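>
Number of protein chains: 2
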Amino acid sequence: MDNKPSQQPVRPQLPEPTLRRLPWYLAYVTMLPPDEEYVSSTRLSRDLGVDASRIAKDLSFLGVKGKTRMGYNVAELENALTAFLDFTSRHRAVIIGAGSLGAALMRDNGLSQYGMEIVAGFDVNPALIGTQVCDIPIYDVADLAAVQRSTGAPIAILTVPYQRSQQVADAAVAAGFKALWNFTPVRISAPDNIVIVNTSIYAHLALIYNRMNSAPDNQ
Amino acid sequence: MDNKPSQQPVRPQLPEPTLRRLPWYLAYVTMLPPDEEYVSSTRLSRDLGVDASRIAKDLSFLGVKGKTRMGYNVAELENALTAFLDFTSRHRAVIIGAGSLGAALMRDNGLSQYGMEIVAGFDVNPALIGTQVCDIPIYDVADLAAVQRSTGAPIAILTVPYQRSQQVADAAVAAGFKALWNFTPVRISAPDNIVIVNTSIYAHLALIYNRMNSAPDNQ
Chain E
0 MDNKPSQQPV
10 RPQLPEPTLR
20 RLPWYLAYVT
30 MLPPDEEYVS
40 STRLSRDLGV
50 DASRIAKDLS
60 FLGVKGKTRM
70 GYNVAELENA
80 LTAFLDFTSR
90 HRAVIIGAGS
100 LGAALMRDNG
110 LSQYGMEIVA
120 GFDVNPALIG
130 TQVCDIPIYD
140 VADLAAVQRS
150 TGAPIAILTV
160 PYQRSQQVAD
170 AAVAAGFKAL
180 WNFTPVRISA
190 PDNIVIVNTS
200 IYAHLALIYN
210 RMNSAPDNQ
Chain F
0 MDNKPSQQPV
10 RPQLPEPTLR
20 RLPWYLAYVT
30 MLPPDEEYVS
40 STRLSRDLGV
50 DASRIAKDLS
60 FLGVKGKTRM
70 GYNVAELENA
80 LTAFLDFTSR
90 HRAVIIGAGS
100 LGAALMRDNG
110 LSQYGMEIVA
120 GFDVNPALIG
130 TQVCDIPIYD
140 VADLAAVQRS
150 TGAPIAILTV
160 PYQRSQQVAD
170 AAVAAGFKAL
180 WNFTPVRISA
190 PDNIVIVNTS
200 IYAHLALIYN
210 RMNSAPDNQ
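Each protein sequence line maps, in turn, to chains E and F. Using the numbering used here, the first residue of the first sequence is number 0, and each one after it goes up by one. Using the numbering used here, the first residue of the second sequence is number 0, and each one after it goes up by one.
1. Taking the beta carbon of glutamine 147/E as the centre, do at least 16 other beta carbons fall within 10 Å, making it buried, or is it exposed?
2. Just the C-alpha distance for glutamine 6/F and methionine 69/E, rounded to the nearest angstrom, thanks.
3. Within 9 Å of any Cβ in chain F, is that where the Cβ of glutamine 166/E sits?
4. Closer than 8 Å is the cut-off here; do at least three beta carbon pairs connect the segment 100 to 112 of chain E with the segment 138 to 145 of chain E?
5. How many Å lie between valine 49/E and arginine 19/E at the Cα?
6. Helix, strand or coil, according to DSSP, for aspartate 57/F in the structure here?
7. On the DSSP bridge assignment, give the partners of glutamate 138/F in chain order.
8. So for arginine 254/E, helix, strand or coil by DSSP?
9. Which residues of the segment 196 to 213 of chain E have a Cβ closer than 9 Å to any Cβ of chain F? Give them in chain order.
10. Glycine 114/E touches chain F at which residues, Cβ-Cβ below 9 Å?
11. Compare the C-beta of serine 149/F against all C-beta atoms of chain E and say whether one is closer than 9 Å.
12. What number of angstroms, rounded off, separates the C-alpha of leucine 179/E from the C-alpha of tyrosine 208/E?
13. On the three-pair Cβ rule with 8 Å, is the segment 12 to 29 of chain F touching the segment 45 to 60 of chain F?
14. Count the C-beta pairs between the segment 87 to 96 of chain E and the segment 155 to 167 of chain E that are closer than 8 Å, then say yes if the count reaches three, no if not.
15. Kindly identify the DSSP beta-bridge partner or partners of methionine 115/E.
16. Sort Gln131/E, Glu77/E, Leu100/E and Ser199/E by Cα distance to phenylalanine 28/E and report the nearest one.
17. Whose C-alpha, out of Val172/E, Arg45/E and Ala74/E, is nearest the C-alpha of proline 32/E?
18. In this structure, how does DSSP classify glutamine 162/E when only helix, strand and coil are distinguished?
19. Return the residues of the segment 167 to 180 of chain E that lie within a Cβ-Cβ distance of less than 8 Å from chain B, sorted by chain order.
20. Assuming contact is defined by CB atoms lying nearer than 9 Å, are leucine 58/F and tyrosine 37/F in contact in what I supplied?
21. For a test of the three-state rule: what should DSSP assign to asparagine 181/F, helix, strand or coil?
22. Would you say lysine 99/E faces chain F, with C-beta separation under 9 Å as the test?
23. When Cβ atoms are compared, which residues of the segment 9 to 31 of chain F fall closer than 7 Å to chain E?
24. Mapping the DSSP letters down to three states, classify glycine 70/E as helix, strand or coil.
25. Which of the three DSSP states is assigned to alanine 174/E in this structure?
26. For my contact list, leucine 80/E and leucine 61/E are in at a C-beta cut-off of 8 Å; report their separation, rounded to the angstrom.
27. Say whether chain F places a C-beta atom closer than 9 Å to the C-beta of alanine 55/E.
28. Report the residues of the segment 109 to 133 of chain F with a CB closer than 7 Å to any CB of chain E, ordered along the chain.
29. Using Cβ-Cβ distances below 8 Å, what residues of the segment 150 to 163 of chain F are close to chain E?
30. Output yes if chain E places a C-beta closer than 9 Å to the C-beta of proline 184/F; else output no.
31. Would you mind working out which of Gly96/E, Glu15/E and Leu84/E sits nearest valine 159/E, comparing C-alpha positions?
32. What residues in its chain sit with their C-beta under 7 Å from that of aspartate 134/F, if we drop five residues either side in the sequence?
33. Is the beta carbon of glycine 120/E less than 9 Å from the beta carbon of proline 136/E?
34. Chain E beta carbons: is any one of them nearer than 9 Å to that of glycine 70/F?
35. Could you tell me the distance, in whole angstroms, from the CA atom of arginine 163/E to the CA atom of asparagine 212/F?
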């Protein structure tokens with residue numbers, strides 16, 4: 000793999016809930032006043048609404064331990080979280096499906112702040128192929144394998160119409176991509192060595208609507 | 000509440016994992032050939048990678064039961080999922096933070112396909128206030144309460160810089176919003192009667208990077 004993390008330690012595979020909480024901890028410590036050297040586990044727990052024992056377990060994966068009566072050293076915690084979450088490395092990705100959501104993600108510079116660099120887009124629409132969005136070139140999906148080789152990008156972001164999700168996932172795997180970030184509402188499958196992460200923006204709409212309809216205040 | 004779902008049945012509050020799977024089932028059944036009247040639970044399970052017993056439990060919340068040796072009636076299943084997920088109703092929302100991700104979401108017509116109508120945006124940047132993104136007007140955040148009243152939008156989408164997440168969440172609650180869709184990496188808090196749904200796009204980056212670094216193929 001072109002972007003083999005040669006200088007990075009091999010990381011343990013963490014439970015998904017832990018990985019979802021780590022960015023909360025990082026955002027929290029970066030917002031602390033610069034003169035605070037320690038943050039107590041009680042305060043972390045109260046402000047984040049997460050059990051202190053769970054926080055301790057999460058941070059133990061990173062080798063971070065609190066000190067009795069002091070809590071966590073803020074600088075140490077921030078450094079460990081930053082290093083572990085790997086937001087400062089450069090992770091190349093392509094976007095397959097340069098329509099509405101795909102083009103929106105290309106315009107979102109938040110991704111690059113978290114280490115993801117979009118190097119190419121793909122579409123089947125002749126009107127889009129050959130154009131650029133925020134300086135990112137849009138290619139024909141037929142060129143997936145060639146662009147994967149030339150860019151070495153290991154990550155493919157799927158923002159295609161859901162009817163084409165599995166077909167495009169198969170094509171991305173065949174083209175050499177190692178991770179699929181699936182924004183479609185379809186449950187895609189891939190070989191075991193391929194990383195699949197689902198971000199179901201639209202599934203979260205179902206969650207919002209359901210919670211609103213079942214909230215006591217809204218009846 | 001202005002958009003009180005008067006014609007809609009009170010829905011049970013479903014477990015979050017179930018709500019995440021329901022859109023998979025809906026996408027799946029809409030992709031079946033039109034002449035297929037039944038889909039077996041075995042086939043659903045195999046194609047979606049979800050235990051048949053879990054599927055049965057999920058669908059029982061919707062009052063849908065399979066028939067022995069036949070499976071699920073496709074039309075009944077699609078109707079029940081469509082009605083339950085409520086993607087065909089109109090749910091008004093505003094976006095607070097019309098920067099990169101916020102503007103991207105305003106441009107994404109996928110949201111409206113799933114029933115969410117963005118009626119206003121808010122920002123603190125004088126260069127953005129008074130402008131429009133895809134015909135959606137951008138207001139000063141100071142006007143949150145006034146615009147909430149005039150539009151009756153119950154949902155506020157938070158796409159502000161993470162340092163301002165809690166402050167903006169508090170302002171949205173004070174302005175009368177009933178649900179907060181939080182795209183920031185901060186753990187926000189709100190009174191119990193307020194619905195909070197977190198969509199951690201950037202937390203998912205941590206998941207992708209971790210899984211790639213710990214995948215046997217990538218060492």
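Heads up, the beta-carbon is just placed ideally off N, CA and C, and yes, glycines get one too. Here the structure is a predicted model, which means the values were calculated and not measured.
Straight from the coordinates:
1. Taking the first sequence and counting its residues from 1, one reaches residue 147/E at position 148. Note on glutamine 147/E: 16 or more other CB atoms within 10 angstroms of its CB, so buried under the neighbour-count rule.
2. For the purposes of this step, residue 6/F is taken as the residue at position 7 of the second sequence. For the purposes of this step, residue 69/E is taken as the residue at position 70 of the first sequence. Only weak support exists for where glutamine 6/F lies, its pLDDT of 46 falling under 50; the value from the coordinates is given anyway. C-alpha separation (whole angstroms): 56 Å.
3. In the first sequence, the residue the question calls residue 166/E occupies position 167. Interface flag for glutamine 166/E against chain F is unset, since no Cβ pair is found closer than 9 Å.
4. Segments in contact, no.
5. As a working note, residue 49/E is residue 50 in the first sequence. As a working note, residue 19/E is residue 20 in the first sequence. Going from the Cα of valine 49/E to the Cα of arginine 19/E covers about 12 Å.
6. Mapped onto the second sequence, residue 57/F falls at position 58. DSSP, reduced to helix, strand and coil, places aspartate 57/F within a helical segment of the structure shown.
7. Here residue 138/F is taken as the residue at index 139 of the second sequence, counted from 1. Sequence check: residue 138/F is tyrosine here, not glutamate. Bridge partners of tyrosine 138/F: Phe121/F.
8. Lying outside 0 to 218, the shown extent of chain E, residue 254/E is not represented and no answer is given.
9. If the cut-off is 9 Å between Cβ atoms, the segment 196 to 213 of chain E has Val196, Asn197, Thr198, Ser199, Ile200, Tyr201, Ala202, His203, Leu204, Ala205, Leu206, Ile207, Tyr208, Asn209, Arg210, Met211, Asn212 and Ser213 near chain F.
10. Walking along the first sequence from the start, residue 114/E turns up at place 115. Residues of chain F with a Cβ closer than 9 Å to the Cβ of glycine 114/E are, in chain order, Leu204 and Tyr208.
11. The count along the second sequence starts at 1 and reaches residue 149/F at position 150. So, not an interface residue.
12. Within the first sequence, residue 179/E is the residue found at index 180, counting from 1. Within the first sequence, residue 208/E is the residue found at index 209, counting from 1. Distance between the alpha carbons of leucine 179/E and tyrosine 208/E is about 28 Å.
13. In this structure the segment 12 to 29 of chain F lies against the segment 45 to 60 of chain F, because at least three pairs of beta carbons, one per stretch, are closer than 8 Å.
14. Yes, the segment 87 to 96 of chain E is in contact with the segment 155 to 167 of chain E.
15. For the purposes of this step, residue 115/E is taken as the residue at position 116 of the first sequence. Per DSSP, the beta-bridge partners of methionine 115/E are His90/E.
16. Along the first sequence, read from residue 1 onward, the residue named residue 28/E stands at position 29. This sequence places valine at residue 28/E; phenylalanine is not what is there. Closest in alpha carbon position to valine 28/E, among Gln131/E, Glu77/E, Leu100/E and Ser199/E, is Glu77/E.
17. Mapped onto the first sequence, residue 32/E falls at position 33. Selected option, being the one with the closest Cα: Ala74/E.
18. Along the first sequence, read from residue 1 onward, the residue named residue 162/E stands at position 163. Under the three-state reduction of DSSP, glutamine 162/E is assigned to helix.
19. No chain B appears in this structure, whose protein chains are E and F.
20. Indexing the second sequence from 1 puts residue 58/F at position 59. Indexing the second sequence from 1 puts residue 37/F at position 38. In this structure, tyrosine 37/F does not lie closer than 9 Å to leucine 58/F by Cβ.
21. Looking up residue 181/F in the second sequence gives position 182. Three-state result, asparagine 181/F: strand.
22. Position 100 of the first sequence, counted from the start, is the residue given in the question as residue 99/E. Looking at the sequence shown, residue 99/E is not lysine but serine. Look at serine 99/E: its C-beta is under 9 Å from a C-beta on chain F.
23. Going along the segment 9 to 31 of chain F in chain order, one finds Val9, Arg10, Pro11, Gln12, Leu13, Glu15, Leu18, Arg19, Leu21, Pro22, Trp23, Ala26 and Met30 with a Cβ nearer than 7 Å to chain E.
24. Position 71 of the first sequence holds residue 70/E. Glycine 70/E falls in the strand class under three-state DSSP.
25. Counting from one through the first sequence, the residue named residue 174/E turns up at place 175. Judged by DSSP in its simplified three-state form, alanine 174/E adopts coil rather than helix or strand.
26. By 1-based counting over the first sequence, the position of residue 80/E is 81. By 1-based counting over the first sequence, the position of residue 61/E is 62. About 7 Å; that satisfies the 8 Å criterion.
27. Taking the first sequence and counting its residues from 1, the one referred to as residue 55/E is at position 56. Not one chain F Cβ lies under 9 Å of alanine 55/E.
28. Listed by position along the chain: Gly109, Tyr113, Gly114 and Met115.
29. Along the segment 150 to 163 of chain F, the positions whose C-beta sits under 8 Å from a C-beta of chain E are Pro153, Ile154, Tyr161 and Gln162, read in chain order.
30. Here residue 184/F refers to the residue found at position 185 when the second sequence is read from its first residue. Look at proline 184/F: its C-beta is under 9 Å from a C-beta on chain E.
31. In the first sequence, the residue the question calls residue 159/E occupies position 160. Nearest to valine 159/E by alpha-carbon distance, out of Gly96/E, Glu15/E and Leu84/E, is Gly96/E.
32. Taking the first residue of the second sequence as position 1, residue 134/F is located at position 135. Closer than 7 Å at Cβ, skipping near neighbours: no residue.
33. What you label residue 120/E is simply residue 121 of the first sequence in a count that begins at 1. What you label residue 136/E is simply residue 137 of the first sequence in a count that begins at 1. Taking 9 Å as the Cβ cut-off, glycine 120/E and proline 136/E qualify as a contacting pair.
34. The sequence position of residue 70/F within the second sequence is 71, counting from 1. Taking Cβ atoms only, chain E never reaches closer than 9 Å to glycine 70/F, which makes this a no.
35. Here residue 163/E refers to the residue found at position 164 of the first sequence. Here residue 212/F refers to the residue found at position 213 of the second sequence. Roughly 28 Å separates the two Cα atoms.
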